[in-house]
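Asks: The opening position of the sequence shown corresponds to residue 403 in the working numbering, with each subsequent residue numbered one higher.
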Amino acid sequence: MTENDQKLPRARSATAVLAGLIAVLVGVTSSAAIVFTAAKAAGAGPRELTSWMLALGVGMGVTCIGLSLRYKAPVITAWSTPGAALLVSGLDGVTMAQAIGAFIVSAALIVLSGLTGWFERVMGRIPVPLAAGLLAGVLVQFGTGLFASMDGHFAVVFSIFAVYLLGRRLLPRYAVLAALAVGVAVAAAQGSLQPGRIRFAFAEPVFTAPAFSWQVIISVALPLFVVTMASQNLPGVAVLRGDGYGRVPVSPLLTWTGVTNLLLAPFGCFGLNLAAITAAICTGREAHEDPDRRYLAGVWAGVFYLGVGVFGGTVGSLLTALPTALILGIAGLGLLGTIGNSLNSALSEESSREAAVVTFLATASGVTLLGVGSAFWGLLAGALTVAVTRGRRRPRGTGPSQEPTRSAETPVPSGAASVR
Numbered sequence: 403m404t405e406n407d408q409k410l411p412r413a414r415s416a417t418a419v420l421a422g423l424i425a426v427l428v429g430v431t432s433s434a435a436i437v438f439t440a441a442k443a444a445g446a447g448p449r450e451l452t453s454w455m456l457a458l459g460v461g462m463g464v465t466c467i468g469l470s471l472r473y474k475a476p477v478i479t480a481w482s483t484p485g486a487a488l489l490v491s492g493l494d495g496v497t498m499a500q501a502i503g504a505f506i507v508s509a510a511l512i513v514l515s516g517l518t519g520w521f522e523r524v525m526g527r528i529p530v531p532l533a534a535g536l537l538a539g540v541l542v543q544f545g546t547g548l549f550a551s552m553d554g555h556f557a558v559v560f561s562i563f564a565v566y567l568l569g570r571r572l573l574p575r576y577a578v579l580a581a582l583a584v585g586v587a588v589a590a591a592q593g594s595l596q597p598g599r600i601r602f603a604f605a606e607p608v609f610t611a612p613a614f615s616w617q618v619i620i621s622v623a624l625p626l627f628v629v630t631m632a633s634q635n636l637p638g639v640a641v642l643r644g645d646g647y648g649r650v651p652v653s654p655l656l657t658w659t660g661v662t663n664l665l666l667a668p669f670g671c672f673g674l675n676l677a678a679i680t681a682a683i684c685t686g687r688e689a690h691e692d693p694d695r696r697y698l699a700g701v702w703a704g705v706f707y708l709g710v711g712v713f714g715g716t717v718g719s720l721l722t723a724l725p726t727a728l729i730l731g732i733a734g735l736g737l738l739g740t741i742g743n744s745l746n747s748a749l750s751e752e753s754s755r756e757a758a759v760v761t762f763l764a765t766a767s768g769v770t771l772l773g774v775g776s777a778f779w780g781l782l783a784g785a786l787t788v789a790v791t792r793g794r795r796r797p798r799g800t801g802p803s804q805e806p807t808r809s810a811e812t813p814v815p816s817g818a819a820s821v822r
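1. Which term fits Ala480, buried or exposed, when burial requires 16 or more other beta carbons within 10 angstroms of its beta carbon?
2. Among all the DSSP beta bridges, which residues are the ones paired with Lys674?
3. Taking 8 Å as the CB-CB cut-off, is Ile729 touching chain B?
4. Considering only C-alpha positions, which residue in the set Ser653, Arg449, Lys474 is nearest to Pro693?
5. How many Å lie between Glu691 and Met498 at the Cα?
6. For Phe438, count neighbouring C-beta atoms within 10 Å of its own C-beta (all shown protein chains included) and say buried if the count is 16 or more, exposed if not.
7. Does Val419 pass the burial test, meaning 16 or more other C-beta atoms within 10 Å, or should it be called exposed?
8. Within a Cβ cutoff of 7 Å, which residues of the same chain sit near Thr787, ignoring the five residues on either side of it in sequence?
9. Excluding sequence positions up to five away, which residues of its chain have a Cβ less than 7 Å from the Cβ of Ala783?
10. Taking the alpha-carbon of Ala486 as reference, which of Leu735, Tyr566, Ala440, Val578 has the nearest alpha-carbon?
11. By Cβ distance, which residues of its chain are closer than 6 Å to Ile436, with the 5 residues on each side in sequence left out?
12. In this structure, does DSSP put Ala667 in helix, strand or coil?
13. Taking C-alpha atoms, which residue in Thr740, Arg570, Ser470, Leu698 lies nearest to Val650?
14. Quick check on this structure: which residue in Gly447, Phe521, Ala443, Ala446 has the alpha carbon closest to the alpha carbon of Glu676?
15. Per DSSP, what kind of secondary structure is Pro612 in: helix, strand or coil?
16. Taking the alpha-carbon of Ala559 as reference, which of Val542, Gly715, Ala538, Ser594 has the nearest alpha-carbon?
17. Give me the Cα-Cα distance between Arg472 and Ala766, rounded to the nearest whole angstrom.
18. Does DSSP put Ala819 in a helix, a strand or coil?
19. List the whole-angstrom C-beta distance separating Thr630 from Ser508, where the pair is believed to meet the contact cut-off of C-beta under 8 Å.
20. What number of angstroms, rounded off, separates the C-alpha of Thr800 from the C-alpha of Arg792?
21. With 16 as the cutoff for other CB atoms within 10 Å, does Ser491 come out buried or exposed?
22. Pull up the distance between the alpha-carbon of Arg570 and that of Tyr576, whole angstroms please.
23. Which runs of the beta strand (DSSP E) at least 3 residues long sit entirely within the segment 410 to 470? Give them in chain order.
24. Which ranges does the alpha helix (DSSP H) cover as unbroken runs of at least 4 residues, wholly within the segment 537 to 617, from first to last along the chain?
25. Using 8 Å for Cβ pairs, my map puts Leu493 next to Val622. What's the rounded Cβ distance?
26. Would you check if the distance between the CB atom of Gly736 and the CB atom of Gly545 is smaller than 8 Å?
27. Cα separation between Val641 and Arg695?
28. Would you mind stating whether Pro612 and Ile502 have Cβ atoms separated by less than 8 Å?
29. Within 10 angstroms of the Cβ of Thr726, are there 16 or more other Cβ atoms? Answer buried if so, exposed if not.
30. For Leu666 versus Gly468, is the C-beta spacing smaller than 8 Å?
31. Rounding to the nearest angstrom, what Cα-Cα distance links Thr662 and Val542 in this structure?
32. Measure the alpha-carbon distance for Ser551 versus Ile620 and round it to whole angstroms.
33. Just to confirm, are Gly516 and Pro654 a CB contact at a threshold of 8 Å?
34. Let me check understanding here. Comparing Cα to Cα, which of Leu636, Ile506, Ile741 lies closest to Cys684?
35. Which residue wins for smallest C-alpha separation from Val584, given the options Ser561, Glu606, Thr716, Asp553?
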């Protein structure tokens, strides 16, 4: 290898490519059906459906690549899955033009949030252990899903788990890659992998002129904005902070995702936001041993998302070709390190341990209230625990003239600890 070759970015790092691929597979296979259902609720036909996938794929691809390169951090974006679920019922009886108008209003509010910086200021006041507990609560379902999926799919899931353990012992960097290869082979041998169902077709953009209705803005646009911010962007920021990327400014990320969403909304891009679960796949050690090189996983995720958009017509057939148990198992393996690091960070400080546990449990519960997911309520429960228990324990000998020691009433400063 020449000196010039050594200076080239190692964009072909197998672990970074794999992390980006798994992130996209998990993101698409876990919720594409919800997106299709939401589009059909607004009266979308086959051409509009593929246009939605094209707009979302291009939006996620461009923002993943651009923001990851700009900040040299694995910035992963995604469509708003809770937002899509909300649209399934919210778009019933709404015309496609009115739906596009609601998407534009929601995107404009996200841009405003980024430009004003209010969301970043709020996130800056959240103690690191609470953010770590939030992240662990969001991801724990995938950790347990690794073993729950063995019920009925033992051969596939146990084989990838066994190969992963051997890989961690012999070739740690390629443990997940080896597990994926073996999982595909076992699934093919069982007949559960059906590549013959995949049909390649290019997506075509379909422009829909927006129509603005105050009823739809109130019933669709505002809830979509709130759900996207509380259930997606909030845990998305927690992922970046929890894995040691607190230096990445939040406001520009919101601004650029909002602007991209705004431009692509007439083609069906209903909501772009920071990813949480899929982002954690790219921010952990499995993506790259060097934290400063993990941004390559974000770049590769963007490349694969562009592929999803361009071949939007193939997404549905791809869903039927890949066994769900295989995707869930690989996602669980890829997130083991991140879950462990998050729990370690959440429980490392005794003064905030109780609040972090409350945050973790409430988030992991999956409760949804008023259309807002458990990530928001988990953080609120943790903050309430801190507020109520504030001053409950004061060290002996601490008087008005003495400097108090750190206790449960003292929030951990933003960025005081980082987990890699």
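By construction, the Cβ of each residue, glycine as well, lies at the ideal position given by its N, Cα and C atoms. Note that the coordinates shown come from a computational prediction; the quantities given were computed from them, not determined experimentally.
Replies: On the basis of the data shown:
1. Counted from its first residue, the sequence shown places residue 480 at position 78. By the Cβ neighbour-count rule, Ala480 is buried, with 16 or more other Cβ atoms within 10 Å of its own.
2. Against the sequence shown, residue 674 aligns to sequence position 272. This sequence places Leu at residue 674; Lys is not what is there. Paired residues: Trp481.
3. The structure shown contains no chain B, having only a single protein chain.
4. Locating residue 693 in the sequence shown gives position 291, counting from the first residue. When only C-alpha atoms are compared, the closest one is Lys474.
5. Within the sequence shown, numbered from 1, the residue matching residue 691 stands at position 289. Within the sequence shown, numbered from 1, the residue matching residue 498 stands at position 96. The alpha-carbon of Glu691 is positioned some 46 Å away from that of Met498.
6. Your numbering for residue 438 matches position 36 in the sequence shown. Buried: at least 16 other Cβ atoms inside 10 Å.
7. In the sequence shown, residue 419 corresponds to position 17, counting from 1. Buried: at least 16 other Cβ atoms inside 10 Å.
8. Position 385 of the sequence shown, counted from the start, is the residue given in the question as residue 787. Closer than 7 Å at Cβ, skipping near neighbours: Glu756, Ala757, Val760.
9. On the sequence shown, residue 783 is found 381 positions in, with the first residue counted as 1. If we look at Ala783 and ignore the five residues flanking it on each side, its Cβ neighbours are Val760, Thr761, Ala764.
10. The count along the sequence shown starts at 1 and reaches residue 486 at position 84. Nearest option by C-alpha distance: Ala440.
11. Numbered from 1 along the sequence shown, position 34 holds the residue referred to as residue 436. Ala486, Ala487, listed in sequence order.
12. Residue mapping note: residue 667 aligns to position 265 of the sequence shown, counting from 1. In the structure shown, Ala667 adopts helical secondary structure according to DSSP, grouped into three states.
13. Position 248 of the sequence shown, counted from the start, is the residue given in the question as residue 650. For the set Thr740, Arg570, Ser470, Leu698, the Cα lying nearest the Cα of Val650 is the one of Ser470.
14. In the sequence shown, residue 676 corresponds to position 274, counting from 1. In the sequence as displayed, the identity of residue 676 is Leu instead of Glu. If we check each option's Cα against that of Leu676, Phe521 comes out closest.
15. Counting from one through the sequence shown, the residue named residue 612 turns up at place 210. Note: Pro612 maps to coil in three-state DSSP.
16. Along the sequence shown, read from residue 1 onward, the residue named residue 559 stands at position 157. The identity of residue 559 in the sequence shown is Val, whereas the question assumes Ala. Measuring from the Cα of Val559, the nearest candidate turns out to be Ser594.
17. Your numbering for residue 472 matches position 70 in the sequence shown. Your numbering for residue 766 matches position 364 in the sequence shown. Cα-Cα distance, rounded: 33 Å.
18. Against the sequence shown, residue 819 aligns to sequence position 417. Caution is warranted here: a pLDDT of 33 is assigned to Ala819, below 50, making its placement in the model unreliable, and the coordinate value is therefore given only provisionally. DSSP, reduced to helix, strand and coil, places Ala819 outside both helices and strands of the structure shown, so it counts as coil.
19. Residue numbering aside, residue 630 sits at position 228 when the sequence shown is read from its first letter. Residue numbering aside, residue 508 sits at position 106 when the sequence shown is read from its first letter. 7 Å between Cβ atoms; contact.
20. In the sequence shown, the residue the question calls residue 800 occupies position 398. In the sequence shown, the residue the question calls residue 792 occupies position 390. Reliability fails at Thr800, whose pLDDT of 46 lies under 50, so the model's placement of it is uncertain and no value is given.
21. Here residue 491 is taken as the residue at index 89 of the sequence shown, counted from 1. Exposed, by the Cβ-count rule.
22. Locating residue 570 in the sequence shown gives position 168, counting from the first residue. Locating residue 576 in the sequence shown gives position 174, counting from the first residue. Straight-line Cα distance between these residues: approximately 8 Å.
23. Within the segment 410 to 470, no complete beta strand (DSSP E) run reaches 3 residues.
24. You should have 556 to 572, 577 to 592.
25. The residue you call residue 493 lines up with position 91 of the sequence shown. The residue you call residue 622 lines up with position 220 of the sequence shown. By a beta-carbon distance limit of 8 Å, Leu493 contacts Val622. Their separation comes to about 7 Å.
26. To locate residue 736, count along the sequence shown from 1; it is residue 334. To locate residue 545, count along the sequence shown from 1; it is residue 143. Cβ atoms of Gly736 and Gly545: not closer than 8 Å.
27. By one-based count along the sequence shown, residue 641 stands at place 239. By one-based count along the sequence shown, residue 695 stands at place 293. Our two residues, Val641 and Arg695, have alpha carbons roughly 17 Å apart in a direct line.
28. Here residue 612 refers to the residue found at position 210 when the sequence shown is read from its first residue. Here residue 502 refers to the residue found at position 100 when the sequence shown is read from its first residue. Against a cut-off of 8 Å, the Cβ pair of Ile502 and Pro612 comes out as a contact.
29. As a first step, residue 726 is located in the sequence shown; it is residue number 324 there, counting from the start. Flag for Thr726 reads exposed.
30. Taking the first residue of the sequence shown as position 1, residue 666 is located at position 264. Taking the first residue of the sequence shown as position 1, residue 468 is located at position 66. Contact flag unset, no.
31. Working through the sequence shown from its first residue, we reach residue 662 at position 260. Working through the sequence shown from its first residue, we reach residue 542 at position 140. C-alpha separation (whole angstroms): 31 Å.
32. Taking the sequence shown and counting its residues from 1, one reaches residue 551 at position 149. Taking the sequence shown and counting its residues from 1, one reaches residue 620 at position 218. Cα to Cα, the separation comes out at about 40 Å.
33. In the sequence shown, the residue the question calls residue 516 occupies position 114. In the sequence shown, the residue the question calls residue 654 occupies position 252. In this structure, Gly516 places its C-beta atom within 8 Å of the C-beta atom of Pro654.
34. Taking the sequence shown and counting its residues from 1, one reaches residue 684 at position 282. Taking only the C-alpha atoms, the option nearest Cys684 is Ile741.
35. Sequence index remark: in the sequence shown, residue 584 carries index 182 (1-based). Ranked by Cα distance from Val584, the first of Ser561, Glu606, Thr716, Asp553 is Ser561.
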